[in-house]
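Presented below is the structure to which this report refers.
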Amino acid sequence: FGIIVRTVAEGKTEDILRQDLNALLKTWNRVQKEIKESKPPKLIFQDLGMASSVIRDLFTSDVQKVVVDSRKMYREITRYLKEVGSVLVNRVEYLKSRQPIFDVFKIETELQRSLERKVWMRNGGYIIIEHTEALTSIDVNSGRYFGKKNHEQNSLKINLAAAREIARQLRLRDIGGLIVIDFIDMEYEENRNKVVKELSKEFSHDRAITRTAEMSRFGLIEMTRQRIRPSLIHNITEPCPLCEGIGLVPTQGTVLANIERAIRRYVASGLDRRILVQAHPDMLEYLNGGRFSRRLRLMWKYWVQIRTEADPELKPYQFRILIRKNRRDVTEKFLK
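The opening residue of the sequence shown carries number 3 in this note's numbering; numbering runs sequentially from there.
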């Protein structure tokens, strides 16, 4: 058999690695013994439960403590740590509280922050995180930061803070693949190198493999981060049914222009000039508002009778055109 040395082993002492290897060999020998002595059908080996797997992968020496609110899970985790001879077993804490653990540690707030595009930093600057099919872009902005030093030093200070926050956000959000970071421009190469060095230092704590290129003279850094699992935003969200994931919907002015074009085609067809326009209530307010409304202007312009009807089930940018006398929907025919 072979041995896979995981990324988390980097920087560990020989004693710790040997201890881990001995624990694995002990498990392997137990499996071999079960194979020889047991009669089928029998379960020979079962992988770790979810809690123990998370502990194995993420509970490293730089984690101060693990808090658990389930006695069963607490016993499972401590049993696993004792089996592998980990010195971290004393850092596992059982929480006795009537409050949900997410409320005690304000996890919901952090989870919500991890889905937001804009992330504020303590110094008043902020970063914008955007996801596309090809890459993730991160833009660094000075925001409300007002430094007392010159522009170059202020930019350096914001960029260094942003480098730390970006590394944290990439881990928190499980963002992988190609990432492009647009830092605030700096004139001196020495300062650009400081930011790259700070970014690399922060990624040294990351169990995912990262590769970082040098910063360009325009303040851009291209990097890749190993995609271990789907990102947090893809795990707990889905595309908006209104905008279909682009984050934008047509303005009311654009929708009105679409309605007008459809009416113009309808009138040119020679059909009955009495029509019914169905739309979202907000769109109808825009269409009918004012003493000389946009609806009246369309009626005078195309010499057609237009009545309106609200349909809350329609999306804000959708509408229907019906022939009034038989309520036949002709939208598709005239909406090209």
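Where a beta carbon is used, it is the ideal one built from N, C-alpha and C, also for glycine.
Beta-ladder partner(s) of residue i, from DSSP
i: H133; result: T138
i: L83; result: Note: L83 sits in no beta bridge, so no partner.
i: I128; result: The sequence given here places Tyr at residue 128; Ile does not occur at that position. Answer is W122 and N143, bridged to Y128.
i: R387; result: Since the first residue shown for the chain is 3 and the last is 338, residue 387 is missing from the structure and cannot be characterised.
Reduced DSSP secondary structure (H/G/I, E/B, other) of residue i
i: N92; result: helix
i: D17; result: helix
i: R8; result: coil
i: K159; result: helix
i: F321; result: strand
i: T310; result: strand
i: Q305; result: Sequence inspection shows Trp at residue 305; the Gln mentioned does not correspond to that position. Three-state result, W305: coil.
i: Q34; result: helix
i: V56; result: helix
i: D105; result: helix
i: D64; result: coil
i: R330; result: strand
Neighbour-count burial assignment, residue i, 16 or more Cβ in a 10 Å radius
i: S271; result: exposed
i: S218; result: exposed
i: M340; result: Any answer about residue 340 is impossible in this case: the structure gives the chain only from 3 up to 338.
i: R146; result: exposed
i: I177; result: buried
i: S157; result: buried
i: F185; result: buried
Contact with chain B by residue i, beta-carbon distance below 8 Å
i: H133; result: Any reference to chain B falls outside this structure, which holds one protein chain only.
Near the ligand ATP: residue i beta-carbon under 7 Å from a heavy atom
i: F185; result: The model depicted lacks the ligand ATP and carries no ligand whatsoever.
Cβ contact (3+ pairs, closer than 8 Å) linking the stretch 197-217 and the stretch 173-185: yes
Three-pair Cβ contact test at 8 Å for the stretch 326-335 versus the stretch 290-302: no
Any 3 or more C-beta pairs closer than 8 Å across the stretch 190-199 and the stretch 135-152: no
Stretch pair the stretch 15-34 + the stretch 86-106: three plus CB contacts closer than 8 Å: Judged by Cβ distances under 8 Å, the stretch 15-34 makes contact with the stretch 86-106, as three or more pairs qualify.
Stretch-stretch touch, CB-based, cutoff 8 Å, three pairs: the stretch 33-42 with the stretch 97-108: no
In chain order, each beta strand (DSSP E) run of at least 3 residues that lies wholly inside the stretch 161-190: 179-184
Contained beta strand (DSSP E) runs [length at least 3] in the stretch 195-273, N- to C-terminal order: 212-214 and 222-227
At least 3 beta-carbon pairs within less than 8 Å: the stretch 282-291 vs the stretch 247-264: Enough Cβ pairs lie closer than 8 Å, so yes.
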